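What follows is a set of notes on a single structure, which appears directly below.
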Amino acid sequence: MSQRRSRLPPDSPEDLMTPRSIADLITHARDALGTQTRLQGWIRTRRDSKAGLSFIQLSDGSCFASMQVVAPSDLSNYEHEILHLTSGCSIVVEGEVVESRGKGQSIEVKASRIDVVGMVDDPDTYPISPKQHSFEYLREVAHLRPRTNTFGAIGRVRNCLAMAIHDFFQKDGFQWIHTPIITANDCEGAGEMFRVSTLEHENPPRTEAGDVDFSQDFFGRESHLTVSGQLAVECWCLALSKVYTFGPTFRAENSHTSRHLAEFWMIEPEIAFADLAADADLAEGLLKHCFKTLLDQRMDDMQFFAERIEPDCVQRLERFVETSFERMDYTDAITVLEKAVASGHKFEYPVSWGTDLQSEHERYLVEEVVKKPIVLMNYPKDIKAFYMRLNDDGRTVAAMDVLAPGIGEIIGGSQREERLDVLDARLDEMDLPKDEYWWYRDLRRYGTVPHAGFGLGFERLIAYATGMGNVRDVIPFPRTPGNAEF
RNA sequence: UCCUCCGUAGCUCAAUGGUAGAGCGAGCGGCUGUUAACCGCUAGGUUGCUGGUUCGAGUCCAGCCGGGGGAGCCA
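This note's numbering applies: residue 8 is where the first sequence begins, and numbers increase by one.
So this is what it looks like as structure tokens:
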């Protein structure tokens with residue numbers, strides 16, 4: 008162990024100097040020239056010059072850029088500390104901001120003092136080298152991957168998009184509703200759920216019939232982690248008019264794909280006195296605002312993604328922001344696909360009205376036919392959830408999917424069934440227990456109104472924006488089947 | 001759950017069934033206002049695990065474990 012603490016005496020004048028972020032220093036570079044400054048961060052690389060100085064590339068995560076620190080050999084700890092600094096060490100630097108004599112940066116910090124805060128034990132095994140690593144490898148060192156260029160950029164982009172989402176809704180009068188993480192309904196609809204229980208695993212209490220007796224469990228009934236805040240947020244929608252959720256969601260599906268996580272973040276707006284068309288407009292407005300904000304605020308990181316990850320990602324977002332979404336009925340999409348088949352296009356799965364579109368069908372529509380985002384609307388009722396509003400034709404529901412080129416389904420939503428008799432008929436038809444939906448049905452009994460909403464997968468949004476190919480690499484600590492190490 | 005590909009040095013990857021290698025990283029030295037620095041030297045390996053075939057297995061076979069990609073499910 009070679010840990011070192013800062014040796015600054017607590018009452019020294021230097022200690023009173025406020026540390027500055029690299030982002031702030033770069034933004035105000037002109038004013039900063041000639042001033043004394045104090046930076047703190049982690050070393051990316053060190054290059055020595057026998058002319059009597061070392062160059063340290065210092066990163067503090069405040070922006071994409073790192074700062075070149077010039078360490079002259081007359082620093083008191085030059086020989087025994089500075090020359091042994093490696094990638095990953097943490098330091099505090101004090102010095103003058105000067106114009107750089109080298110190429111590649113306009114300013115640099117000429118250090119008058121460098122305090123080593125934390126050395127790297129055994130640099131030979133430090134998992135993050137300045138060279139290229141595979142994303143698969145970096146997932147195994149998820150506690151250290153934020154120190155890489157890519158994951159630092161993702162962290163900032165993720166934050167930027169989260170704030171953009173709040174900003175969009177808040178400016179439009181939406182209220183952020185914190186729907187529960189733990190739910191006692193087994194009827195939220197989508198997917199396998201994680202059970203939440205305080206019963207003993209080994210020997211749970213049993214009913215006379217021999218089943219696990221959940222009446223003795225913490226909540227007095229079987230409970231789970233939420234798979235969607237939608238049903239809960241509908242209650243608040245029918246009082247506050249414009250609402251949204253933004254929080255974690257859990258699905259115990261055994262999914263092994265680049266688009267699925269067991270724990271992910273979802274945004275679910277819900278609007279009252281609104282139909283499917285208004286819902287689609289809201290989805291389009293939200294996505295465009297997010298990307299506009301990203302291009303506006305994080306071009307440094309986006310430039311990196313364009314250089315190293317996906318060359319087209321910046322232009323793709325610029326186009327996305329300027330282009331209006333295509334709106335297409337499911338029935339018309341089937342016609343387009345059938346024509347494609349007739350003119351010789353081969354799909355692995357057959358196309359026919361009444362079946363759900365396969366990934367390959369969606370990809371064909373969005374990447375070959377319209378080449379921009381599509382809102383697909385009005386699906387056959389038999390392939391959609393019970394709460395979606397039945398259309399006048401009696402065979403489709405007011406559902407929509409927003410498909411984006413390159414990632415597929417990014418949003419799924421619908422107008423909700425607000426008529427109690429129709430809802431009840433649907434529950435019966437799908438063999439769902441009406442009594443368990445008593446409070447959801449109450450909304451239709453007491454002042455019901457047409458309303459609509461959708462779910463936006465936050466990680467899919469980030470993956471699309473950055474060109475990252477896997478949602479596991481746009482969340483700090485991904486949870487997937489068999490993986491919850493960190 | 002199904003299909004498919006892959007597990008070799010800290011990392012990225014080579015190696016026809018015949019002595020286990022390179023680049024980067026790391027250590028030491030040289031050189032230089034350097035910037036994916038450069039040059040030289042050194043260290044670093046139970047080839048995922050178990051068994052089998054063979055004179056001989058990183059390589060072929062079987063099982064297991066781990067990971068990637070795709071499908072389904074969905075956001």
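Backbone N, C-alpha and C fix where the C-beta goes; we use that ideal spot for every residue, glycine too.
Here the structure is a predicted model, which is why all the values come from computation and not from measurement.
From residue i to residue j, what distance separates their C-alpha atoms?
| i | j | result |
| --- | --- | --- |
| residue 449 | residue 236 | 17 Å |
| residue 172 | residue 293 | 7 Å |
| residue 343 | residue 383 | 13 Å |
| residue 300 | residue 442 | 45 Å |
| residue 95 | residue 149 | 15 Å |
| residue 494 | residue 402 | Residue 494 falls outside the range modelled here, since the chain spans only 8 to 493, and no answer is possible. |
| residue 305 | residue 81 | 38 Å |
| residue 58 | residue 112 | 20 Å |
| residue 105 | residue 133 | 32 Å |
| residue 407 | residue 93 | 53 Å |
| residue 130 | residue 90 | 13 Å |
| residue 182 | residue 245 | 12 Å |
| residue 220 | residue 324 | 52 Å |
| residue 433 | residue 447 | 14 Å |
| residue 77 | residue 88 | 15 Å |
| residue 477 | residue 168 | 17 Å |
| residue 179 | residue 99 | 43 Å |
| residue 260 | residue 328 | 33 Å |
| residue 247 | residue 177 | 13 Å |
| residue 152 | residue 364 | 37 Å |
| residue 451 | residue 430 | 9 Å |
| residue 225 | residue 445 | 22 Å |
| residue 350 | residue 253 | 44 Å |
| residue 369 | residue 464 | 17 Å |
| residue 425 | residue 354 | 38 Å |
How should residue i be labelled, buried or exposed, when 16 other C-beta atoms within 10 angstroms of its C-beta is the threshold for buried?
| i | result |
| --- | --- |
| residue 483 | exposed |
| residue 356 | exposed |
| residue 389 | exposed |
| residue 468 | buried |
| residue 24 | exposed |
| residue 295 | buried |
| residue 318 | exposed |
| residue 49 | buried |
| residue 335 | buried |
| residue 144 | exposed |
| residue 74 | buried |
| residue 40 | exposed |
| residue 366 | exposed |
| residue 34 | exposed |
| residue 67 | buried |
| residue 37 | exposed |
| residue 454 | exposed |
| residue 473 | buried |
Provide the residue span of the beta strand (DSSP E) that contains residue i, from first to last.
| i | result |
| --- | --- |
| residue 105 | 97-106 |
| residue 271 | 270-279 |
| residue 422 | 415-422 |
| residue 336 | 333-336 |
| residue 386 | 381-387 |
| residue 410 | 403-411 |
| residue 76 | 74-79 |
Am I right that residue i and residue j are in contact with their C-beta atoms under 8 Å? What's the rounded C-beta distance?
| i | j | result |
| --- | --- | --- |
| residue 26 | residue 47 | 5 Å |
| residue 471 | residue 417 | 6 Å |
| residue 493 | residue 439 | That belief does not hold up - the Cβ atoms of residue 493 and residue 439 are roughly 38 Å apart, past 8 Å. |
| residue 423 | residue 241 | 7 Å |
| residue 385 | residue 337 | 5 Å |
| residue 135 | residue 120 | Not really, about 26 Å apart at Cβ, beyond 8 Å. |
| residue 272 | residue 256 | 7 Å |
| residue 64 | residue 101 | Contact flag wrong, Cβ pair sits at about 17 Å. |
| residue 456 | residue 279 | 5 Å |
| residue 202 | residue 231 | 6 Å |
Check whether the Cβ of residue i lies closer than 7 Å to any heavy atom of the ligand ATP, and answer yes or no.
| i | result |
| --- | --- |
| residue 106 | With respect to small molecules bound, the structure shown includes none, and the ligand ATP cannot be examined in it. |
Going by DSSP, what residue range makes up the alpha helix (DSSP H) through residue i?
| i | result |
| --- | --- |
| residue 176 | 156-178 |
| residue 29 | 29-34 |
| residue 145 | 142-147 |
| residue 221 | From DSSP, residue 221 is part of no alpha helix (DSSP H); its letter is neither H nor E. |
| residue 471 | 465-473 |
| residue 240 | 237-247 |
| residue 328 | 320-329 |
| residue 296 | 283-304 |
| residue 427 | 427-436 |
Going by DSSP, which residues form a beta bridge with residue i?
| i | result |
| --- | --- |
| residue 53 | 63 |
| residue 118 | 102 |
| residue 231 | 190, 202 |
| residue 44 | 102 |
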